[in-house]
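With the working numbering, the residue at position 110 of the sequence shown is 110, and numbering never jumps. From the three backbone atoms N, C-alpha and C, an ideal C-beta is built for every residue, glycine too. In what follows, a single structure is set out as structure tokens and then discussed.
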Amino acid sequence: MEAEASFSAIAPTVFDGNNYQLWVVRMETYLEALDLWEAIKAHKEKKTKKSRAKACLFAAVSSTIFTRIMSLKLAKAIWDYLKSKYEGDERIKGMQVLNLIREFELQRMKDSETIKDYSDRLLSIANKVRLLGSEFTNSRIVQKILVTVPERYEATITTFVNTKDLSKISLAELLNALQAPDQRRLMRGDTTTEGALAAKHQNMAKNKTKKDFEGNGASTASANAKEKNENQKKSYPPCKHCRKKGHPPFK
Numbered sequence: 001m002e003a004e005a006s007f008s009a010i011a012p013t014v015f016d017g018n019n020y021q022l023w024v025v026r027m028e029t030y031l032e033a034l035d036l037w038e039a040i041k042a043h044k045e046k047k048t049k050k051s052r053a054k055a056c057l058f059a060a061v062s063s064t065i066f067t068r069i070m071s072l073k074l075a076k077a078i079w080d081y082l083k084s085k086y087e088g089d090e091r092i093k094g095m096q097v098l099n100l101i102r103e104f105e106l107q108r109m110k111d112s113e114t115i116k117d118y119s120d121r122l123l124s125i126a127n128k129v130r131l132l133g134s135e136f137t138n139s140r141i142v143q144k145i146l147v148t149v150p151e152r153y154e155a156t157i158t159t160f161v162n163t164k165d166l167s168k169i170s171l172a173e174l175l176n177a178l179q180a181p182d183q184r185r186l187m188r189g190d191t192t193t194e195g196a197l198a199a200k201h202q203n204m205a206k207n208k209t210k211k212d213f214e215g216n217g218a219s220t221a222s223a224n225a226k227e228k229n230e231n232q233k234k235s236y237p238p239c240k241h242c243r244k245k246g247h248p249p250f251k
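This is the structure in structure tokens:
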């Protein structure tokens with residue numbers, strides 16, 4: 001009971017009218033964890049469970065969706081309404097699958113991406129197709145990756161293909177092999193950055209030393225000039241006009 005109370009404190013995913021298939025999967029899991037899924041499917045569940053299931057559904061939709069289901073009395077009626085309204089018929093789902101497959105075929109890996117980022121993007125599309133009830137195998141994703149990754153993976157793929165049976169390559173196995181170049185490149189990038197920072201600090205230190213040397217040289221020259229001027233003043237004879245020393249007679 002304590003575990004159930006702890007789980008119920010986690011707010012369910014809010015449905016706003018988009019991505020119905022994803023919401024259904026999450027919501028079914030949520031209701032099953034609270035032992036309320038049977039109250040959605042059956043009419044013979046206890047009234048308390050039906051009320052709790054209804055409350056969960058109310059909490060799991062946006063305010064716009066709530067205004068459309070607030071008058072429905074049973075949790076099952078709410079569930080059925082959402083399904084008929086947002087799941088779509090077979091024709092609509094078929095069009096959605098075609099659009100997703102077209103999107104999948106157009107995918108190309110960007111130079112700035114890692115193989116993990118790219119595979120996550122492909123898997124996201126594949127899982128949406130699966131949620132719509134269509135089959136989408138991992139081998140299809142493997143083939144897509146093999147022919148669309150940038151040239152920097154060419155050596156790894158050539159070695160991999162020459163030593164493996166393509167029909168038996170798993171997605172996880174391929175990703176592990178291709179992630180190695182990414183990791184090496186990241187390590188080289190870190191080393192290059194450290195070297196650049198060290199060179200920058202070294203240049204700054206050299207420039208500071210040079211400026212200090214030039215500054216000290218200028219100060220020394222100024223002091224020598226002042227001393228020379230003072231000695232020159234002392235060498236003048238008494239002025240014939242004012243009888244004072246320290247300046248030439250014409251002044």
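Express the C-alpha separation of residue j and residue i in angstroms, rounding to a whole number.
i: I125; j: L100; result: 6 Å
i: A5; j: L72; result: Residue confidence for A5 is low, a pLDDT of 49 falling below 50, so the modelled location carries little weight; the figure read from the coordinates is stated next. Taking the straight line from one Cα to the other gives about 26 Å.
i: K164; j: E154; result: 15 Å
i: T64; j: V24; result: 18 Å
Compare the C-alpha of residue i against each of the options and name the closest.
i: L74; options: L57, T64 and Y86; result: L57
i: I78; options: A39, S139 and S112; result: A39
i: L34; options: G88, R188, K93 and K54; result: K54
i: T156; options: E173, E113 and M70; result: E173
i: T158; options: K168, L146 and S167; result: L146
i: F254; options: R68, N19 and A177; result: Summary: the structure shown does not reach residue 254, with the chain confined to residues 1 through 251, and so no result is reported for it.
Whose C-beta lies closer than 6 Å to the C-beta of residue i among residues of the same chain, with five residues either side of it excluded?
i: L131; result: Q21
i: S134; result: V97
i: S119; result: L175
Keeping to the same chain, check which residues put their C-beta closer than 8 Å to that of residue i; ignore five residues upstream and five downstream.
i: P12; result: R26, M27, Y30, C56, A59 and A60
i: T193; result: Interpretation of T193 is limited by its pLDDT of 49, a score under 50 that renders its predicted location unreliable; no figure is taken from the coordinates.
Looking at residue i: is its Cβ nearer than 8 Å to the Cβ of residue j?
i: E83; j: K41; result: The sequence as given places Lys at residue 83; Glu does not occur at that position. Against a cut-off of 8 Å, the Cβ pair of K41 and K83 comes out as no contact.
i: S51; j: F15; result: no
i: Q183; j: K116; result: no
i: V142; j: L171; result: yes
i: L122; j: F104; result: yes
i: G17; j: Y81; result: no
i: T148; j: Q107; result: yes
Could you pull out every residue in the same chain whose Cβ sits closer than 7 Å to the Cβ of residue i, ignoring the five residues on either side in sequence?
i: P150; result: M109 and D111
i: W37; result: E28 and L31
Self-check item: Whole runs of the alpha helix (DSSP H) within the stretch 127-173, excluding any shorter than 4 residues
Solution: 138-148 and 154-163
Self-check item: Minimum length 4: unbroken alpha helix (DSSP H) runs contained in the stretch 49-117
Solution: 63-69, 75-86 and 90-106
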